[in-house]
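In this note's numbering, the protein residues as written are 136 to 578.
All C-beta atoms, glycine included, are put in the ideal place defined by N, C-alpha and C.
In structure tokens, the structure reads:
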């Protein structure tokens with residue numbers, strides 16, 4: 136007599152973990168066979184895979200090595216669909232939407248892709264620095280793949296279809312670039328290994344749900360402010376430098392916003408940590424500094440900033456009421472001015488080896504006096520404090536521009552930061568220099 140299926144200790148091989156009931160379309164109930172009747176190896180196997188959920192909520196998690204990831208990409212198994220990624224640039228409407236990771240970085244002329252981010256990931260991997268890249272995200276679209284789920288051996292074997300990346304594209308590209316660099320010259324990267332492991336989450340989403348996934352991960356989740364991220368990291372030398380400057384400076388201690396990237400009208404702090412980091416980047420040569428140099432450089436920069444704050448007390452700690460007035464009437468504590476001060480600090484740092492600390496400090500004390508409160512400047516019939524927002528000089532060099540609501544608004548971009556830096560360097564360089572001459576030099 137037939138024995139009821141439920142009496143078996145475990146289900147027969149033909150149905151063990153293979154039932155299509157509740158499974159995304161694409162799973163097969165038996166392994167495909169070769170001509171001699173043996174199981175086909177498939178294009179890729181996810182080993183020791185662990186499953187969560189079922190049906191549309193099915194999620195597999197497994198571990199992969201850098202070598203396995205590279206091989207999967209080189210075999211044209213890994214793809215991005217730019218329709219549900221950051222996408223094709225408007226000026227390139229006819230650019231292909233499906234891109235194989237085997238082709239490397241997307242062309243920045245056609246696609247929105249930040250090469251610097253992927254390069255930084257590759258560099259950190261190659262030099263053995265800690266990174267938090269897991270989990271990587273893969274997706275098999277139901278009805279567009281063929282795969283066998285073997286629960287007995289905790290394996291998912293993929294026979295056909297494309298594995299799309301609804302997220303983690305930059306991370307994948309960074310890993311692949313690191314592998315290629317290592318393969319070209321293994322001896323140059325003793326801290327990297329092809330056996331480095333990463334976790335992968337594999338989903339079974341439609342194309343539409345891939346877009347929803349990308350939106351949920353990148354838009355609904357509130358992005359951490361740069362200032363907060365820089366405050367938390369211990370693996371970014373420029374962030375460490377900015378924090379060390381703030382710690383060493385009596386005028387900046389407790390006066391740096393480490394939480395958000397904006398200073399509200401009721402925030403008495405003078406600068407955000409993200410701005411201070413950008414200033415630090417402008418101070419050191421080529422914007423780079425090794426971790427062992429951070430402490431000594433920070434002490435010098437902090438000392439310089441404190442000297443500047445003696446001339447301009449609004450750069451130190453003041454009340455909320457006084458900060459509100461200063462921001463309304465003056466550029467002295469504005470973000471664009473802070474970048475100008477960074478330009479002065481860079482010049483000061485470059486003169487230290489030539490002049491010696493004592494001579495440099497004496498010289499710069501005189502230079503910074505030209506920026507002090509009470510120093511009167513004139514320009515086109517106007518006279519008053521240099522940083523006063525009524526000074527037409529700032530309009531002349533583009534740092535202030537007419538506002539649609541009347542009055543003037545500040546312009547803080549690369550060009551105006553450079554203009555502020557040039558202006559302050561020239562003002563500090565020569566006593567009695569006239570602003571009308573500065574306008575010509577800067578313009």
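Neighbourhood of residue i by C-beta distance below 7 Å, restricted to the same chain and skipping five residues each side
i, result
"residue 374", "365, 368 and 412"
"residue 479", "559, 560 and 563"
"residue 416", "373 and 422"
"residue 303", "271 and 272"
"residue 401", "455"
"residue 481", "417 and 418"
"residue 344", "none"
"residue 433", "376, 379, 380 and 383"
Beta-bridge pairing of residue i - partner residues as DSSP gives them
i, result
"residue 186", "195"
"residue 453", "Answer by DSSP bridge pairing: none, since residue 453 is not bridged."
"residue 282", "162 and 293"
"residue 499", "Paired residue(s): none; residue 499 is not in a bridge."
"residue 519", "512"
"residue 223", "246"
"residue 274", "299 and 338"
"residue 179", "293"
Inter-residue Cα distance where the pair is residue i and residue j
i, j, result
"residue 457", "residue 425", "38 Å"
"residue 242", "residue 248", "8 Å"
"residue 397", "residue 407", "7 Å"
"residue 333", "residue 440", "44 Å"
"residue 184", "residue 370", "32 Å"
"residue 548", "residue 251", "20 Å"
"residue 391", "residue 378", "9 Å"
"residue 193", "residue 175", "24 Å"
"residue 511", "residue 451", "22 Å"
"residue 101", "residue 169", "The question about residue 101 has no answer here: the residues shown for the chain are numbered 136 through 578."
"residue 437", "residue 207", "50 Å"
"residue 225", "residue 218", "12 Å"
"residue 532", "residue 460", "24 Å"
"residue 255", "residue 527", "43 Å"
"residue 197", "residue 244", "35 Å"
"residue 89", "residue 518", "Only positions 136 to 578 of the chain appear in this structure, which leaves residue 89 out of reach."
"residue 486", "residue 228", "52 Å"
"residue 539", "residue 464", "18 Å"
"residue 294", "residue 554", "60 Å"
"residue 490", "residue 474", "24 Å"
"residue 430", "residue 495", "20 Å"
"residue 158", "residue 312", "35 Å"
"residue 509", "residue 395", "33 Å"
"residue 383", "residue 414", "16 Å"
"residue 448", "residue 435", "19 Å"
"residue 322", "residue 263", "14 Å"
"residue 565", "residue 428", "32 Å"
"residue 410", "residue 389", "15 Å"
"residue 504", "residue 497", "11 Å"
For residue i, the three-state DSSP class (helix, strand or coil)
i, result
"residue 335", "strand"
"residue 440", "helix"
"residue 218", "helix"
"residue 424", "coil"
"residue 527", "helix"
"residue 538", "coil"
"residue 561", "helix"
"residue 320", "coil"
"residue 251", "helix"
"residue 169", "coil"
"residue 346", "helix"
"residue 465", "strand"
"residue 392", "strand"
"residue 327", "coil"
"residue 607", "Beyond the ends of the chain as shown, which are 136 and 578, falls residue 607; an answer cannot be given."
"residue 310", "helix"
"residue 544", "strand"
"residue 551", "helix"
"residue 174", "strand"
"residue 384", "coil"
"residue 200", "strand"
"residue 210", "coil"
"residue 138", "Summary for residue 138: the model assigns pLDDT 36, below 50, so the residue's position carries little reliability, and this model does not support an answer."
6 Å CB neighbourhood of residue i in its chain, flanking five on each side removed
i, result
"residue 499", "483"
"residue 385", "441"
"residue 507", "446"
Contacts around residue i, its chain only, beta-carbon distance under 8 Å, and the 5 residues preceding and following it disregarded
i, result
"residue 273", "213, 298, 299, 300, 335, 336, 337 and 338"
"residue 314", "201, 202, 204, 205 and 329"
"residue 209", "237"
"residue 232", "216, 217, 218 and 223"
"residue 289", "182, 183, 184 and 185"
"residue 307", "204, 208, 213, 236, 271 and 300"
Check: residue i C-beta below 6 Å from any heavy atom of the ligand GDP
i, result
"residue 425", "For the structure depicted, the ligand GDP is absent and the ligand set is empty, with no information on it obtainable."
Stretch pair the stretch 278 to 290 + the stretch 324 to 332: three plus CB contacts closer than 8 Å:
No, they do not touch.
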